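A short worksheet on the structure shown next.
Number of protein chains: 2
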Amino acid sequence: MSAQRAELIAVGSELLEPWRTDTNGSYLTRVLGERGIAVRFRTVVGDTSEDLQEAFRVALGRSDLIVATGGLGPTIDDLTREAVAGLLGLPLLPDEAIARRIEERFRRLGREMPPQNRRQAMVPRGAEALPNRLGTAPGLWMTSGGVRIVLLPGVPEEMRQMTEASVLPRLGASGERFAHRIIKIAGLAESEVDRRLDDVARRAAPVAWTILAGPGQVEIHLRERVREGEPPEGIERIDGEIAAVLGAHVAARDEETIEEVAGRLLAGLGATLATAESLTGGGIAERLTRTPGASRYFRGGVVAYGDEAKGAVLGVAAETLRARGAVSRETALEMAHGARRLFTSTWALAATGYAGPVGGGPGRPPGRVILGLVGPGVESARDVNLPGSRRAVRVRSCRLALDMLRRALLDAETSL
Amino acid sequence: MSAQRAELIAVGSELLEPWRTDTNGSYLTRVLGERGIAVRFRTVVGDTSEDLQEAFRVALGRSDLIVATGGLGPTIDDLTREAVAGLLGLPLLPDEAIARRIEERFRRLGREMPPQNRRQAMVPRGAEALPNRLGTAPGLWMTSGGVRIVLLPGVPEEMRQMTEASVLPRLGASGERFAHRIIKIAGLAESEVDRRLDDVARRAAPVAWTILAGPGQVEIHLRERVREGEPPEGIERIDGEIAAVLGAHVAARDEETIEEVAGRLLAGLGATLATAESLTGGGIAERLTRTPGASRYFRGGVVAYGDEAKGAVLGVAAETLRARGAVSRETALEMAHGARRLFTSTWALAATGYAGPVGGGPGRPPGRVILGLVGPGVESARDVNLPGSRRAVRVRSCRLALDMLRRALLDAETSL
């Protein structure tokens, strides 16, 4: 098994601008990973010789494979070729075959080759040029002190085409790949998940285990090196162990979302759903309708942002709002009943609360949220205090509400 | 001007997964840049002590300021604190004040602090703890051999709040900063914006000009290096030139969104709004309610996902649905009138259409969307064919609807 230590270098001052991201690195991480090569470091560096050489010098000291993207173009900003040749002490020699190919390419487009493009035909001594079918800059493949160095253009289509045509074949078939699985857990804090799964995590090796928390959701990412064509046995074993420990807290796997799981359960039961939202402002309905075909089980919803709408549209009693307040279990349940009546659905889900940044006065802090759910034989409310910003409270509320629905539907399915 | 050599380290094995990107780095690059501190290197590294220490060792040798995000959580994966302390040879000492704050935080949420959270109260000797108002992990600020090292949690909201409250004030003034402006343009394709602004862009220097397109919106990003305390004169000049050329197509600036602009106009007019959504599934209402205080002008909305709900809840005539169909100008306007009546609002905005991946049959392709708007003296419908995936069609529809409202409110304001 080749335990290659791979590193990616993304070259380009524009990648250090706040609004840019290095998408090439995501692609390379994926295709290398599929061949069993783990990327250990990803570095972004600007277009200066000094910084470029520093990035390569560091990478040469700690990695077996360096794949760099960007900086092979014809302009004065494009310095990767020169910087790497300089660092390795290799002269740059003109390659007439490449020069002719670039000239030919310009001729086909009816243009003359600008003189600066000749720089793209310079090759460090001993390096192999990798053809670029979609652009002018050839890639370069070289070896230094046992480290393989691949330089590719930064234009994503060119980089991808060359990776597939020239780089991956040269890396050789390892006969291995990385299998991945994401397990999404709802209703438990990260530290609680960690505590309950402590034993499972300790026994996870050789499967790599990462735990990740977002608002209202904890994910466990599993990765396993497996032989080509074989199933990820370690992942399957650990998935089973997690499910045994956490039960219904395991909400979804891989790309699937909680709302997709809830939608699948509704469709399976032949049931329909309506929503009544206050603080989430339509976010629950918006999530439910992301899935194509949601109209099979989602009837619709009301966003009742003010008390007036809660009364006039959803039929929440004025007395309830007066005596119990808009953020109460009674109001949440009346909202749910109102939505269920209005849309003639089997189930209805309601959310009311204070999203923040301010609450509803003394004893009504931001983050106080009440969820209501009604369905066949079900009428339940849940009362929570959520931490975080307005946005985080809204996102958590949506996730909690959808998870409350998912669990109730699981129970309904079991009791059939 | 202090030419600080800054470097960012994003910690987390999940950031080396192909489907994740380091958004924290983009934010930090921007806010450091605004203070004249250029980021030279950005590195992503996984959750292993060896790789973490290697990344910090390299950074200590070439940078004056290191800002790392991630790996400060309570789980066994969270190794940043220990790795950096180990690299610098500093013992980790318990800080009782932090421990009490974390315990207090759990108590407020009605939970007991899990024992592993105590790790978050460990501080390397000589380091300063930076308070975390939104989560449990405090940040850490330390200095080693003249290099300033800042460790922040990876949760974006916590990281941002702490950067603003604790990191930026400690970095001091450099005498210069980068000023930024984002100009958001609605209703024009990227190539059309590019064509109309060609002259303005040519005269932009020394202001850096970047054009960026997303679904239903084009942005122009401007950046200018200015002396502390002085206004960005170049940016102001170019902003004025863009506004002169594009007029009402300039929808918003900087962090402001189209829905915030529309909300501001509604509040200024003392008007209120309701929504009636089909294909957007609540997305328009969800956007409008992201803004704190939206209840001043947003009454509520109906998500009428099926024809039944359009009739029963919004009062769209059965005859209209039969003769014109659910995706028609007539239905869109009846939906808007229904929402306006139901919520007794001044204005109402409706969206109906086929989000995809499939349409509504022959002659009804996915991406066909009709928007309706009613208000004082206003009744208008707009019919568009939008490209892209289901998600893109929904996002574009929300933006177009909100922009239709914004333009109508601008007209209403002008005619006062």
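As you go down the protein sequences, you meet chains A and B in turn. Using my numbering, you'd call the opening residue of the first sequence number -11 and step up by one each time. Using my numbering, you'd call the opening residue of the second sequence number -11 and step up by one each time. Glycine included, every Cβ here is placed at the ideal spot set by N, Cα and C. Treat the numbers as computed from the prediction; the structure is a model and nothing was measured.
Environment of residue i [buried if 16+ CB atoms lie within 10 Å]
i, result
"Arg158 (chain A)", "exposed"
"Arg379 (chain B)", "exposed"
"Gly160 (chain A)", "exposed"
"Ala273 (chain A)", "buried"
"Gln205 (chain B)", "buried"
"Ile(-3) (chain A)", "buried"
"Gly163 (chain B)", "exposed"
"Met(-11) (chain B)", "For Met(-11) (chain B), the predicted model reports a pLDDT of 36, less than 50, meaning its position is unreliable; a value from the coordinates is still stated below. Exposed, because fewer than 16 other Cβ atoms sit within 10 Å of the Cβ of Met(-11) (chain B)."
"Glu401 (chain A)", "exposed"
"Ile226 (chain B)", "buried"
"Ser377 (chain A)", "buried"
"Pro103 (chain A)", "exposed"
"Pro141 (chain B)", "buried"
"Ser403 (chain B)", "exposed"
"Ser1 (chain B)", "buried"
"Gly288 (chain A)", "buried"
"Val346 (chain B)", "exposed"
"Glu247 (chain B)", "buried"
Alpha-carbon spacing of residue i relative to residue j, whole angstroms
i, j, result
"Gly235 (chain B)", "Val366 (chain B)", "21 Å"
"Glu229 (chain A)", "Arg23 (chain A)", "27 Å"
"Ala306 (chain B)", "Arg317 (chain B)", "15 Å"
"Leu60 (chain B)", "Arg241 (chain A)", "26 Å"
"Thr268 (chain B)", "Phe331 (chain A)", "18 Å"
"Val27 (chain B)", "Thr319 (chain A)", "51 Å"
"His168 (chain B)", "Ala192 (chain B)", "13 Å"
"Asp295 (chain B)", "Arg328 (chain B)", "19 Å"
"Glu42 (chain A)", "Asp10 (chain B)", "22 Å"
"Ala339 (chain B)", "Glu207 (chain A)", "35 Å"
"Ile54 (chain A)", "Leu398 (chain B)", "55 Å"
"Gly34 (chain B)", "Leu80 (chain B)", "22 Å"
"Val19 (chain B)", "Val249 (chain B)", "24 Å"
"Ile90 (chain A)", "Gly58 (chain A)", "18 Å"
"Val304 (chain B)", "Leu321 (chain B)", "9 Å"
"Tyr15 (chain A)", "Ala396 (chain A)", "39 Å"
"Gly217 (chain A)", "Gly258 (chain A)", "38 Å"
Under 9 Å from the C-beta of residue i: neighbouring residues of chain A
i, result
"Asn105 (chain B)", "Ser179"
"Gly202 (chain B)", "Within chain A, no residue comes near Gly202 (chain B); the closest Cβ sits about 11 Å away, beyond 9 Å."
"Asp35 (chain B)", "Thr198"
"Gly258 (chain B)", "Correct list: empty, because the minimum Cβ distance to chain A is about 16 Å."
Within chain B, partners of residue i - CB distance below 8 Å
i, result
"Asp39 (chain A)", "Arg28 and Phe29"
"Leu276 (chain A)", "Gly269"
"Leu4 (chain A)", "Thr17, Ala26, Val27, Arg28 and Arg30"
"Asp371 (chain A)", "Correct list: empty, because the minimum Cβ distance to chain B is about 10 Å."
Contacts of residue i in chain B (Cβ-Cβ under 9 Å)
i, result
"Val233 (chain A)", "Under the 9 Å cutoff, chain B gives no residues; its nearest Cβ is about 16 Å from Val233 (chain A)."
"Phe286 (chain A)", "Gly269, Val291, Tyr293 and Gly294"
"Pro375 (chain A)", "Arg93, Arg96, Leu97, Leu122 and Gly123"
Within chain A, partners of residue i - CB distance below 8 Å
i, result
"Arg410 (chain B)", "In the structure displayed, chain B extends from -11 to 404; residue 410 (chain B) sits before or after that span and is not available."
"Ser1 (chain B)", "Ala196, Thr198 and His209"
"Ser368 (chain B)", "Those within 8 Å of Ser368 (chain B) in chain A number zero; the least Cβ separation is about 23 Å."
"Ala396 (chain B)", "Within chain A, no residue comes near Ala396 (chain B); the closest Cβ sits about 21 Å away, beyond 8 Å."
"Ser283 (chain B)", "Tyr293 and Gly294"
"Leu185 (chain B)", "The premise fails here: Leu185 (chain B) is roughly 18 Å from chain A at the closest Cβ pair, so nothing lies under 8 Å."
Under 7 Å by beta carbon: chain A residues contacting residue i
i, result
"Arg378 (chain B)", "Pro280"
Per-residue contacts from residue i into chain B (C-beta, under 7 Å)
i, result
"Ala273 (chain A)", "Gly269, Gly270 and Val291"
*Taking any Cβ of chain A, which residues in the segment 289 to 319 of chain B have a Cβ under 8 Å from it, in chain order?*
Taking 8 Å as the Cβ-Cβ cut-off against chain A, the residues of the segment 289 to 319 of chain B that qualify are Gly289, Val290, Val291, Ala292, Tyr293, Gly294, Glu296, Ala297, Ala300 and Val301.
*Any 3 or more C-beta pairs closer than 8 Å across the segment 121 to 133 of chain A and the segment 99 to 112 of chain A*: yes
*Would the segment 171 to 189 of chain B and the segment 147 to 156 of chain B be scored as touching if the rule is three or more Cβ pairs under 8 Å?*
Because the criterion of three Cβ pairs below 8 Å is not met, the segment 171 to 189 of chain B and the segment 147 to 156 of chain B do not touch.
*Relative to chain B, which residues along the segment 6 to 21 of chain A have a C-beta separation below 9 Å, given in chain order?*
Pro6, Trp7, Arg8, Thr9, Asp10, Thr11, Gly13, Ser14, Tyr15, Leu16, Thr17, Arg18, Val19 and Gly21
*Do the segment 367 to 378 of chain B and the segment 250 to 261 of chain B meet, that is, are 3 or more Cβ pairs less than 8 Å apart?*
Remark: fewer than three beta-carbon pairs, one from each stretch, lie closer than 8 Å, so the segment 367 to 378 of chain B and the segment 250 to 261 of chain B are not flagged as touching.
*Determine, using beta-carbon pairs with one atom in the segment 209 to 217 of chain B and one in the segment 346 to 358 of chain B, whether at least three such pairs fall under 8 Å.*
no
*Would you check if there are 3 or more beta carbon pairs closer than 8 Å linking the segment 377 to 392 of chain A to the segment 283 to 296 of chain B?*
Verdict: no, contact absent.
*Given a limit of 9 Å on CB to CB distance, which residues of the segment 329 to 359 of chain B reach chain A?*
Leu330, Phe331, Thr332, Ala343, Gly344, Pro345 and Val346
_Interfacial residues, the segment 43 to 65 of chain B to chain A, with Cβ spacing under 8 Å_ = Ala43, Val46, Arg50, Gly61, Pro62, Thr63, Ile64 and Asp65
_Counting only Cβ-Cβ distances shorter than 7 Å, please list the residues of the segment 132 to 161 of chain B near chain A, keeping chain order._
Glu145
*Proximal residues, the segment 96 to 127 of chain B versus chain A, C-beta separation under 9 Å*: Hits within the stretch, in order: Arg96, Leu97, Gly98, Arg99, Met101, Pro102, Pro103, Gln104, Asn105, Leu122, Gly123 and Thr124.
*Is the number of C-beta pairs between the segment 62 to 72 of chain B and the segment 127 to 141 of chain B that are closer than 8 Å three or more?*
yes
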